[in-house]
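Read through the structure below, which is laid out as structure tokens, and then see the notes.
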Amino acid sequence: MASNGKTNSGAPNPDNIRVHNINRTFAGLGGLIGAAGIAAYAAAAHSASAHMATIAPILFIHAPAFLALAVLAKTSRAAYLGGLVLLLGLMLFIGDLASRDITGDRLFPGAAPVGGTLLILGWLLIAATAFRALDFKK
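Quick note: the sequence shown uses the numbering used here, first residue 2, plus one each step.
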């Protein structure tokens with residue numbers, strides 16, 4: 002290995018990757034949300050449900066967002082709070098749509114609109130990461 006932290010092939014040395022610099026909860030959620038997106042696409046392909054076809058792309062859009070938040074949330078309050086709000090919004094919005102398919106009933110009245118509103122708020126909080134006043138470290 003070269004003295005610059007890279008292997009002789011020029012690739013970064015995996016021993017130098019710092020896992021403690023990420024929010025492992027958000028990283029794990031990114032993987033789980035991505036897996037749920039695949040499951041929702043599979044369910045949509047084998048059922049007549051319109052809700053699963055709606056759920057799948059929403060999950061896929063948010064999976065890489067949580068992977069990015071795994072890095073951002075370590076230094077930005079806005080990103081951390083945005084991730085928590087996104088998670089709650091996803092649980093309510095997706096949970097309500099899935100509940101309609103599985104049980105035929107809503108999660109509770111207004112769950113989907115509240116979840117959707119939280120998703121919008123979560124994305125706005127993430128957008129606020131551009132403002133350094135909300136950083137943990139300056």
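Built from N, CA and C at the ideal position, the CB exists for glycine as well. Given the structure is predicted, the values throughout are model-derived calculations rather than measurements.
Query	Result
Could you tell me the alpha carbon to alpha carbon distance between Gly116 and Gly105, rounded to whole angstroms?	19 angstroms
Would you report the Cα separation of Ala57 and Ala37, rounded to the nearest angstrom?	8 angstroms
Check for me: the alpha helix (DSSP H) holding Phe27 runs from which residue to which?	25 to 46
Take the Cβ of Asn24 as the centre, count every other Cβ of all protein chains shown within 10 Å, and call the residue buried at 16 or more, exposed below.	buried
Classify Ser50 as helix, strand or coil using the three-state DSSP reduction.	coil
Compare the C-alpha of Ile39 against each of Gly111, Phe132, Phe27, Thr55 and name the closest.	Thr55
Taking the alpha carbon of His63 as the reference point, which residue from Leu82, Gly35, Ala79, Lys75 has its own alpha carbon closest?	Gly35
Please confirm whether Leu93 and Leu108 have their CB atoms less than 8 angstroms apart.	yes
Using 8 angstroms as the threshold, is the C-beta distance between Phe61 and Gly84 below it?	no
So, using beta-carbon positions, are Gly96 and Leu119 closer together than 8 angstroms?	no
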